[in-house]
Every structure is written in structure tokens, then in C-alpha cells.
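Note sheet for the following structure.
In our numbering, the protein residues as written are 12 to 594.
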């Protein structure tokens, strides 16, 4: 796929090398030297678009002053048919290359030729990557943190796919363990209160207090009356949990589908226990010498695993000795396996059974202490968890309205659910805003801004740019019978205004932004890129008239506008945001 910025860099290197070899043949420079030059895009491009350090980097090997080398290079450069129209020497010997019409025309052609695939890369080389995200406890409605993790994970998976990875999206359902027991106990308490009266059955202090728990209890009572009251407690709690999950999990799926998220698989924790896979995984750790028994429980020697991991990563023995490391229980004295044991088993399943080359988890920042421990445990199983498991930590969301924070508390039952949010604002606004900052930055979600229809609202600003171009194309077709030409029919030399050149350069930046978003696990780069591109378009539109211009200029500018439209739609699609034709 075309990365025109990378293509220009490579051409600078090749042109410079060819000029050096030609100068050497002419006896102007010593032959056979290997020069490792940097090629940068200067912040101020008024004197050139690309700067090569070849002359300075080669001074020692060529035994000449940098400016003398630079002059010999310039004198032997052949720019015919290249992306560049001129080269100048600057400062101590920089070679400043200025782009010419061929490059600008080829950018437009690349977007046209590649269509929706424009920006794609091959960094992943078809390797398998799983992105596991949201994975909310199925004990209640999804909230703001789940909303941020949802769009972050979904968009990251989209970006990775476009960068050449074979992607898989997964939701891990924690349908076993202590939180499910607490869930059942909470429903049971509300059920008993319906029968006996609230004052006659105490609600557990650590229970789930939300209105949804009361609704589940009422539904059970309406279907079964008091018949569950006399069941053995263990059976009753199991039935309570199973009913609650049968209601909550489909609701979660429906909420996420409304949010534009579909998973390749919903993976149930209970399957790991029922199949014996958790016990098998713990047994493997024992075989490898990483466990020991104490106080009737089976422990993982996390301390030693972490020490070895940190030493491999470059920490000194002294640094490691100062860390406050602790071991972890894998199997309690009562015979039950811990959540950590199940988590190790789940990730072993990802890497060893299903063969993912890399697995990425989106976790809340409060789980940061768990990351290295899980990686180290996988290292202990010989699965290279330190490199194959990536955890993207996500900071909290602060919901704002009227300039004040909207309080949320799961314990008090006042958590703001995802489905409630999507009743207030559009899915487009929600997906855009929740992905608008890097995951490591706390996010202030301004409800008032999200519904505004002006340029202060970034999603509106980007969508409006797309709609404005669609309207422009339709109007020119109707009023001047002007159609968007093919790139081959455009004379790119007619695009000479600063606003035009800046806009084409912005279009060329998209593949690089997409690649960096994948590399850094930061899909918010796409948001920032789209806002900047929309701004570049509005500046172009205000400075460069299209309607009424002579045919060649009109065609070139119309093609440029349509190319921007295509890239805006491309980027919005990655975010799961619509690209409206009218607003």
C-alpha cells in the first residue's frame, strides 16, 4: 500500500546515493564510502520538504567539509521524473529537497486507486492478534469505564487490522468466582425481602445495591412465587446466579451492538473450570517448580518469576531487591482456584491453544499491578508473556454536565449505564469522545459539548467537513456540470497555493498516522488527525475558490476536495463513526 511520505524519504536516499556515486566516478568525492544519513521533515518547510544529513554524516569518511560534499551531490543530482523539483544547500550542509507536482499528483492517485484500503500497512504481516476488551462483570449494566474501554478496544482492533494484523475481538465473561456468588446473594436478599419484608431480611453490606438487582428479584418472584424460598441455599443461589446471567449477558450484548461493537467470541470463565483447564494450568506451573504449599493453600512463586523477568529487562540485582514483591495464591485451602489462577489459564489458552502471536488487553488503570504478575506467570509456562501479552491501561472517565462532574457510584446503585448514555447522545458522539484522548489520560466527557452542533464539537466539525464536500460536489455537478475527474486527468502543477499543498501533505500523512496508532496502541491519533485534516480543508475551501474557476483549476481543486472526503470517511469508519452526506 502507498505511504507517499515513506516513498519520498526512500527517493531522497536513492537520489542522494546515486548523486554520490556519480560524483565519485567523476573524481569529485572518494568512492566506496558508506554514509548513514538521516532524512527528516523540517518543522519549517519554507526552504524544503525533506532534509538529508548526508553531507555532515559523510564528512569523516569522505575527508571533506560538509558543504563541499553537499555541493558535489547537488551538482550531480538528477531530479528528472522524481518527486522533487529542486534541492538547496542549507546551514552546515543540509540537502533540502522540495517536492514537485508529481508527488502531489501521486498522492491523489494513491487515494483513488486504493479506495477504502488507503492507509493500510503490512506491519502485522498476517500475524494473529487478539484484542480482549470491556470484559465487564455480568453482574450489572455496563458503565462509563466500559464505554471507554469498548470504543478503545474496538477501534484499536480496527487499526491493527488495517496495519496488517489478523485480528480477533473477544469478551471474557467472568461467570465464576466470588463476584458471581455476591451477585447471587444480592438477588437472593432482594427476593427474600419481597417475601418477608425489607425489615425482616438483612441486605449484605458488600452486596450489589443497584435497581437492576431488585428487578431481577421481582422477575424471579413473578415467575416462581415463593417456591424458591424453600430450596437448599446452595441450589437457590445457583439458580439465582444463572437467571441473573441469562438476563444480563443478552442485555450486555444488545448494549454493545447498539454501540457498534460486535465480538468474534464471548469466552466464558466457567468453561475453563468445567473442562479442568485451570487445574491443568496450575499443575503445569507446579511441574516447572513455580509453586509451593503453605497454610493448606497452593502459592505461585511470583516473587522469583518477577525477579527473573525484571533482570531480563535490564534491572540490576540491587534494584530488584528493593521491590516489594509478593507471592500469589493459586488454590485456596478450601480447594477453590483463585481468579488469578483462572486468568493465567485463560491467557495460556489464548497463546498455547489458540495460537495468537500477540494478545492485547484493555484494562482499567487500577489493574496496573496485575500486569507484570500475569506476564511473569506466562513466562513461567514458557509462553513469553513479557513480549506476547500487551496490556493497555485506561484512566477513568469524568462525566461532566453544566461544567460540573456527574457523580457515579456502583455501590450506591447510581452508576450511569451505557444504555442510559446512548439515550442522551448519539452513538457517533459517544464513540468519538471516548476515543479522543490517549488511554493513559483521564477523560472529561462533556455531555453538553457532545450534543452541540457547531465547530467546538470535534465530531460535528469533522462530519461537517465531509458533508460540506458532498454538498459541494453535488452543487457543482448540477450548476456547472462539473464531475470529479480521475487523478490521471488532473494537472497537479495547478495546485500551487499554500493551502492546497498543505492539504495534500495532510492526506499523505494518513498511512503514517494509522501505522503509529497501531504501533503505539493509541487509536486516538486517528481522532486528532481527522480534526487537523478537517481544519486544513476548511482553510483551503476559504482560500481557494472552486466554482467559476477555469476548467483545469476547477478540476484539480474538485479532485482535491473529493480526495479529502474519501480520507475523512476512511478515518471515521475506523472509529465506527458515520460520515453523513448532509447535515
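Each residue gets a CB set at the ideal place from its N, CA and C atoms; glycine is no exception.
Inclusion of residue 234 and residue 429 in the CB contact set at 8 angstroms is not warranted, their separation being larger than that value. In this structure, the straight-line span from the alpha carbon of residue 393 to that of residue 531 is close to 26 angstroms. Beta-bridge partners of residue 101 (DSSP): 105. Around the beta carbon of residue 95, a 10 Å sphere encloses 16 or more other beta carbons of the protein chains shown; the residue is thus reported as buried. The C-alpha of residue 187 lies about 55 angstroms from the C-alpha of residue 49. Residue state for residue 443 is assigned as helix, using DSSP reduced to three classes.
By the criterion of at least three beta-carbon pairs nearer than 8 angstroms, the stretch 473-490 is not in contact with the stretch 444-454.
Per DSSP, residue 56 lies in no beta strand (DSSP E) segment and is marked neither H nor E. Under DSSP, residue 412 forms a beta bridge with 415. Of all alpha-carbon atoms in 455, 97 and 442, the one lying nearest the alpha-carbon of residue 412 is that of 455. Residue environment: residue 516 is assigned as buried (16 or more neighbouring CB atoms within 10 Å of its CB, all protein chains considered). Restricting attention to 546, 503, 238 and 566, the CA atom closest to the CA of residue 110 is found in 503. In the three-state DSSP reduction, residue 185 falls in the coil class, being neither helix nor strand. Residues of the same chain with a CB within less than 8 angstroms of the CB of residue 573, apart from the 5 flanking positions on each side, are 480, 484 and 495 in chain order.
Take residue 548, set aside five residues on each side of it, and the residues of its chain with a beta-carbon closer than 7 angstroms to its own are 476, 514 and 575, in chain order. Put simply, of 202, 346 and 267 the residue whose alpha carbon is nearest the alpha carbon of residue 432 is 267. Membership of residue 310 in the beta strand (DSSP E) is indicated by the continuous run 308-311. In terms of CA proximity to residue 28, 106 leads the group 199, 123, 106 and 397. Taking 8 angstroms as the cut-off, the Cβ atoms of residue 343 and residue 293 do not count as close. Across the set 214, 183 and 189, the C-alpha of 214 shows the shortest separation from the C-alpha of residue 197. Within the model, the alpha-carbon separation for residue 171 versus residue 91 is close to 38 angstroms. No Cβ-Cβ contact shorter than 8 angstroms links residue 560 with residue 550. Judged by beta-carbon spacing, residue 537 lies within the 8 angstroms limit of residue 524, meaning their Cβ atoms are closer than that value.
By the criterion of a C-beta distance shorter than 7 angstroms, residue 382 is surrounded in its chain by 402, once the five residues flanking it on both sides are discounted.
Contact annotation: residue 289 and residue 195 have beta-carbon atoms that are not nearer than 8 angstroms. For residue 404, the uninterrupted beta strand (DSSP E) segment begins and ends at 400-405. Looking at the DSSP output, residue 62 shares a beta bridge with 51 and 107.
Per DSSP, residue 436 lies in no alpha helix (DSSP H) and is assigned neither H nor E. Distance between residue 161 and residue 63, taken at the CA atoms: about 43 angstroms. Pairing residue 278 with residue 348 gives a Cβ-Cβ distance that is not under 8 angstroms. Taken in chain order, the whole beta strand (DSSP E) runs of length 3 or more contained in the stretch 276-336 are 276-279, 302-305 and 308-311. Annotation: residue 113 to residue 486 spans about 29 angstroms, alpha carbon to alpha carbon. By the Cβ rule, the stretch 121-137 does not count as touching the stretch 71-78, because fewer than three pairs are nearer than 8 angstroms.
Apart from sequence neighbours up to five positions away, the residues of its chain that approach residue 535 with a beta-carbon distance below 7 angstroms are 446, 447, 448 and 449, ordered along the chain. Annotation: residue 219 to residue 180 spans about 29 angstroms, alpha carbon to alpha carbon.
Taken through DSSP and simplified to helix, strand or coil, residue 531 comes out as coil.
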